[in-house]
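Okay, so here's the structure we're looking at.
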């Protein structure tokens, strides 16, 4: 059976992430699509496409070998929604990054663009990993070293 158009769009999104194709990621989102983070207790502000692109551009320079693996998918064609459970892995200057996400995506009527995007993240990873990464990147920037995914020489 041929996947639905919205499932094909979701699969293209995963492929774009796995090649860290930021323009490709953004192209699959409607112009007014907002990225909303959950759980709300993290306190992250919603991101429009410009903010999301900026975030992805900065991550692309420090996350190497980024890969998403889809572990489960629930699709509701009538509601134009797909929910994906994903596992992520990448290499960074502070070691291996591993995370789990749940993406709840809403699509336009054609199923070709994402019009709503809710992203649930592993709060433990956000609490434990990102402060170490931010500290190391700040240290490297202060020392005038490259901010890359490899250890500085």
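Residue numbers (full-length UniProt numbering): 1 to 153.
We treat Cβ as the ideally placed atom computed from N, Cα and C, and that holds for glycine.
The structure displayed is predicted, hence computed values, not measured ones.
Query	Result
Cβ shell of residue 89 (< 6 Å), same chain only, five flanking positions each side left out	67 and 98
Contiguous beta strand (DSSP E) assignments of at least 3 residues, all confined to the segment 50-119	64-76, 81-92 and 95-107
Under 9 Å between C-beta atoms of residue 22 and residue 60	yes
Residue burial classification, residue 153 (beta-carbon count within 10 angstroms, cutoff 16)	In this predicted model, residue 153 has a pLDDT of only 35, less than 50, meaning its place in the structure is not dependable; the value taken from the coordinates is given anyway. Exposed.
Exposure label - residue 1; buried when at least 16 CB within 10 Å	exposed
Secondary structure of residue 44, DSSP reduced to three states	coil
Chain-order list of residues whose beta-carbon lies under 8 Å from that of residue 42 (same chain, five-residue window excluded)	121, 123 and 126
Validate contact between the segment 72-87 and the segment 45-52 using beta carbons, cut 8 Å, 3 pairs	no
The beta strand (DSSP E) enclosing residue 132, as first and last residue numbers	Here residue 132 belongs to no beta strand (DSSP E); instead the alpha helix (DSSP H) covers 123-142.
Cut-off 7 Å between Cβ atoms - residues of its own chain near residue 143, not counting five sequence neighbours on either side	none
Cβ neighbours of residue 33 in the same chain (closer than 7 Å, five flanking residues each side left out)	49, 114, 115, 116 and 117
When 38, 135 and 63 are compared against residue 20, the one with the closest alpha-carbon	63
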